[in-house]
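Student: The sequence shown maps to residues 0 to 84 in numbering that gives the first Met the number 0.
Okay, handing you the structure first.
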Amino acid sequence: MPRHAVKFTDHGYKSLGKIAASDSKRVLKKLEILEKFSQRTKNIKKMKGAPGQVYRLRVGDIRVLFEKEKTTIWILEVGYRGSVY
């Protein structure tokens, strides 16, 4: 299975800094599973109505929106449920 490089957009990195430090540590730990991305991975869903290959990863009350390209996964936004979409 090919591994993906996980990178942050400017907005994604900035939004990670806006959540609590303990929560951001949990998110960074979970981002490791995105390197071995599969649509069957638990807590990952494709976003309906979003252009391109946009998905969401659920980490408790936190949502991580990301876009998948061939070899790169771009973190678009990180935030608490309800404020991300």
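C-beta: ideal position from N, C-alpha, C; glycine also.
Taking the straight line between their C-alpha atoms, what separation do you get for A20 and G51?
Tutor: 31 Å
Student: Mind checking E76: buried by the 16 CB within 10 Å criterion, or exposed?
Tutor: buried
Student: For the alpha helix (DSSP H) containing L27, name the first residue and the last one.
Tutor: 20-29
Student: So, G81 versus I61, is the Cβ gap smaller than 8 Å?
Tutor: no
Student: DSSP has T71 in a bridge; who is on the other side?
Tutor: A4
Student: What do you get for Y54, buried or exposed, if any count of 16 or more other CB atoms within 10 angstroms of its CB means buried?
Tutor: Label assigned to Y54: buried.
Student: On the premise that G16 lies in contact with I74, defined as a C-beta separation below 8 Å, what is that separation, rounded to the nearest angstrom?
Tutor: About 12 Å separates the two Cβ atoms, so there is no contact after all.
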